[in-house]
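Below you'll find the structure, written out as structure tokens, and then a few comments.
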Amino acid sequence: LSPFHVQPRSMVVEEGGVARFQCQIHGLPEPLIMWLKNRRPLEPRDDRFTFLPTGVLQITRVGEDDSGIYQCVAANTADTRHSEEASLTVSGSHSNIYKEPKILVGPENLTLTVHQTAVLECVATGNPRPIVSWSRLDGRPIGVEGIQVLGTGNLMISDLSVQHSGVYVCAANKPGTRVRRTAQGRLVVHAPAEFVQYPQSISRPVGTTAIFNCLAQGEPIPHLTWLKNGEILAPSGHIKLKNNNNTLTINGISPEDEAIYQCIAENDAGSTQASARLTVLWAEGLPGPPREVKAAALSATAIHVSWSEPSENTRDIIGYVLHIRKTADAVEMEYQEAVSKTTLQQAVTDLQPCTGYTFYIKAYTSRGASKPSKLAVSSTLGEVPAVPALFIKVLNSTAIQAAWETTIKLGQQEGFKLYYRRIHGSHFTGPVLLPSNVTSYNITQLDPMIAYEVKLLAFNRHGDGNSTVRFVALRDAAERSVLNTPCDCLKEEHSSKTSTTGIIIGTHIGVTCIIFCVLFLVFGYRGRLLMCKNVEDRLATPQTPSRAQRNSQGLVLNGGPRRGREEFTANRKMADMNELERLFPAPVPNDHQHKGLMANNISPISEEQPSLICQNSVFPLDEFVVTQEQHTTFETVVQCSIDHPELNVNQISFTAAKDSSSVTAE
């Protein structure tokens, strides 16, 4: 029994207040504490006296009779000790003066172990006497099981568990109001280490792998230590500790590894240990290690491994196991591939380019495995770059620009090789060697009348990658540039900046042009309406069959025999050909292009009203719109949509060849 390290102290308390004495002492076993008043055992006469297991005496609503000498006595089977004496003096008389709630003693921070008892003290004064309540800071409920309130506001929690850990808040509330005072303390509950999974004793043949698993829990999280025959086991070449020492792996076991292995779990609350035995099986007549192990690279992702049979005891071999790992990786990162006993070679695939790998072989029988063979090391070949994306831009009639992108997908490249030639040419011009940071190259002094083939590939120290080929024709680009001559915007901008007068004049000219265009559109539209009315008056309506006649012909055709329909179809095709000849006559000279359409003595029609000439009749079109225009190297195709209530034609396509003046219609 140790001496007291906390002694009760004398105090003066107003009548109606709270008195508190405390003493603390340690011993084995834990001592019992009792209190004396005037050297006599203090017996609690009413609920004003509270004796806490922590050695605290609380007296509430103190009166004159409570004055005296107080002392605590601690006793266990080893000894009995008396504390120093402390006096309690009661002053004044009880009054009804209002006093704010006040917490004299709040809860302390406690660190205990599971199954112990926690006492959270809370002593409050005030007039009227405040109401004491408890809560958790995280909002979780305190619960009722094992919970007890001692005196006027002390919280006692029996049989602690880890779930009781948290911050507890003591609140002193003035009755009927929201006036309150709070104090808080943290309770930490530790749990000693205990095993969730014990290591199991195992037996393994020589050359195989032994694995022990040991899993423990506790609060705080326990630390695991491994022993071999009572001595601390340190990781080595073939002994590995993984998963925070939860797993002990012994690779390529030998007779020297046979031992008792202990797992010790330890934290601040306690420790525990478990043990398991490793038995190494050694059978007579096991084969020797495979011989002449060789490894050679096949490609950037494959290595060929070969070996010879062991020199002894080969009759009982049932197969081989090839162990594979990256040379830079740890031993436990290896993986295995099983090989037939008749196969003394294996192509290992799905490897990484330009990476070193280590291999060794074991021969297996039904009784166990041989010792591992000697190591063989080889590296995969490097990988050539991927195909680059190539784009061609025509700069002018004699120059083009080849552009490409450098991305991670290309891999490691040292540069690019650019070739170009005329289409169907026998030899390429190049290569033009370009560094890896260049992404474009201009090819000049080309023949504008010739199409060219451009080829690009990336290369590195492992070789050339596959190439990308593009074709380009400069003649088409030159013609489009003539039709779409770009403006010299910089020159115009410079000119506009040099003269304020030029800006004013340009503004007036622009406004004048806008007014002129609006007037032109208005009068042109009115003239077109008048022209349409005149053309309609000149139409020869008797030459066009009526809709009723066409419908009657359709009924006869649909209702006639098949032979009649075929003859009608043939006649119709011939009529269509004649109609096309009338519709699209031979081209007229350029000086007569805008004078109207001439066919079979039909008078010219003004282009203000688009019309269609068919079977010596003129049909003014309600709609004539260019819907699509396509330009290729050899021809130009224009599609137009038309609309007329008396015609069954709704679309015409014109095809104009580049090398002739003829025009065909479909």
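According to our numbering, the sequence shown is numbered sequentially starting from 38.
Ideal Cβ placement from N, Cα and C applies to all residues, glycine included.
Residue i, DSSP secondary structure in three states
i    : result
C300 : strand
L38  : coil
Q450 : coil
R241 : strand
V317 : strand
R292 : Position check: residue 292 holds Pro in this sequence, whereas Arg was assumed. Note: P292 maps to helix in three-state DSSP.
G176 : coil
V421 : coil
I552 : helix
L617 : With a pLDDT of only 42 at L617, under the threshold of 50, the placement of this residue in the model should not be trusted; the figure read from the coordinates follows. In this structure, L617 counts as helix in the three-state DSSP scheme.
E52  : coil
E231 : strand
A585 : Its pLDDT being 37, under 50, A585 is placed unreliably in this model, and the value from its coordinates should be taken loosely. Note: A585 maps to helix in three-state DSSP.
T189 : coil
T214 : coil
L558 : helix
L197 : coil
R76  : coil
R708 : Any question about residue 708 goes unanswered here, given that the chain covers just 38 to 703.
E158 : coil
E708 : Outside the shown range of the chain (38 to 703) lies residue 708, about which nothing can therefore be said.
I541 : helix
R512 : helix
I184 : strand
G547 : helix
L278 : strand
Inter-residue Cα distance where the pair is residue i and residue j
i    : j    : result
V317 : I239 : 9 Å
S710 : L89  : Given that the chain is displayed from residue 38 to residue 703, the structure contains no residue 710 and the question cannot be resolved.
K139 : P165 : 11 Å
C251 : P242 : 22 Å
A365 : V469 : 39 Å
D196 : A253 : 22 Å
N282 : T148 : 27 Å
K74  : S312 : 57 Å
P229 : S198 : 11 Å
P257 : E420 : 51 Å
A247 : L323 : 19 Å
V548 : F557 : 14 Å
L285 : E145 : 43 Å
V151 : D353 : 59 Å
S202 : L174 : 11 Å
M48  : P212 : 28 Å
T466 : H499 : 24 Å
P622 : G561 : Any answer about P622 is weak, because its pLDDT of 46 lies below 50 and its placement is not dependable; what the coordinates show is given next. The alpha-carbon atoms of P622 and G561 are separated by roughly 29 Å.
N497 : H464 : 24 Å
V358 : V368 : 16 Å
W72  : P78  : 6 Å
P485 : N479 : 15 Å
I287 : N266 : 15 Å
V142 : A302 : 39 Å
H19  : R82  : Given a span of 38 to 703 for the chain in the structure shown, any question on residue 19 remains unanswerable.
V424 : T505 : 6 Å
CB contact flag (residue i, residue j, <8 Å)
i    : j    : result
G92  : Q59  : yes
P409 : P347 : no
Y397 : V330 : yes
G244 : I290 : yes
L388 : R507 : no
Q95  : V50  : no
S416 : T392 : yes
L270 : D294 : no
N8   : E158 : Any answer about residue 8 is impossible in this case: the structure gives the chain only from 38 up to 703.
D501 : L511 : no
Y401 : G356 : yes
G163 : A209 : yes
L264 : P272 : no
R118 : L69  : no
L335 : A413 : no
G183 : A115 : no
*Continuous alpha helix (DSSP H) assignments of at least 4 residues falling wholly in the region 112-152*: Correct list: empty.
*contact_flag[the region 118-129, the region 98-110] where n(CB pairs < 8 Å) is 3 or more*: Between the region 118-129 and the region 98-110, the count of Cβ pairs shorter than 8 Å is three or higher; the stretches touch.
*asked:* As an exercise, report each continuous beta strand (DSSP E) stretch of at least 3 residues that is fully enclosed by the region 342-397, in chain order.
replied: Listed in chain order, the complete beta strand (DSSP E) runs (minimum 3 residues) inside the region 342-397 are 356-363, 372-376, 382-385.
*Given 8 Å, three or more beta-carbon pairs between the region 290-301 and the region 220-227*: In the pairwise beta carbon analysis, the region 290-301 is classified as not touching the region 220-227: fewer than three pairs are separated by under 8 Å.
*Entirely within the region 424-504 and at least 3 residues each: give me those beta strand (DSSP E) ranges in chain order.*
Taken in chain order, the complete beta strand (DSSP E) segments of 3 residues or longer contained in the region 424-504 are 427-433, 436-441, 452-459, 466-472, 477-480, 488-497.
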